[in-house]
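Note that the sequence shown covers residues 180 to 357 in my numbering. Heads up, the thing below is written out as structure tokens.
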Amino acid sequence: MRNRLFPTLLALGLLSAPATAQDAAPAPGLPGGAQSLNEEHGDWTVSCRIQDTAKLCVMSQTLADSQSGQPVLSIELATPAVDRAEGMLLLPFGLRLAEGATLKVDGTVLGTNWPFVTCIATGCLVPITFDASQISALRAGTELVIGALGAGAGEPIDLKMSLAGFARAANRSVELSL
């Protein structure tokens, strides 16, 4: 389940790797000379890999259907700085795409009408960028609620993700990205 969005983030340009080896200095390695790593921080996973001359790191969380094992909700964030994150939400089918999504941390709205960009085989994608105040709320929060409207009668649907380990994962992701 992990890193299902990683290739999508790259393809959509939300994670950027240098175009050629001439464009950037050689990427510093990962701990122990590893080419990739995965670390668990509470309910979040930090994943890094070396691709060409770039080191790419994301933090993620995926919630799966208990019966089918299929992802219901997934988030992957690149953290280029302690006070900034950008990435993608993967939400299930059956939502009113034109209405976008609403994100809340412990009842405080981070933003409304986050637009869907497209749907892929596993769900629909919402690009997200968090600024310093939003990152601060995520670091201090306990629960991220992604709200949307159902496609049918427009009933509100709330999808909940734990923020346990978010601050540690964000710190580690930034540290590994340097």
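Cβ coordinates follow ideal geometry from the N, Cα and C atoms, glycine included. As the structure is a computational prediction, the values presented were derived from the model and not from experiment.
task = Could you pull the start and end residues of the alpha helix (DSSP H) that L355 belongs to?
result = 345–356
key: Contact under 8 Å by Cβ, C236 with L276   = no
key: A247 burial status per 10 Å Cβ neighbour count (16 or more: buried)   = One point to set straight first is that residue 247 is Ser, not Ala, in the sequence displayed. Classification for S247: exposed.
message = Are the CB atoms of L256 and L173 within a distance shorter than 8 Å?
response = As displayed, the chain neither begins before 180 nor continues past 357, which places residue 173 out of reach and without an answer.
ask   = Are I314 and A348 close, meaning C-beta to C-beta below 8 Å?
value = no
ask   = What does a CB cutoff of less than 6 Å around S352 pick up in its chain, not counting 5 residues either side in sequence?
value = V225, C236, M238, T258
ask   = Near G320, what residues of its chain come up, given a Cβ to Cβ distance below 6 Å and the 5 sequence neighbours on each side ignored?
value = V284, D285, L342
request  = Would you mind giving the Cβ-Cβ distance between N292 and G279, rounded to the nearest angstrom? I have them listed as a contact below 8 Å.
outcome  = 4 Å
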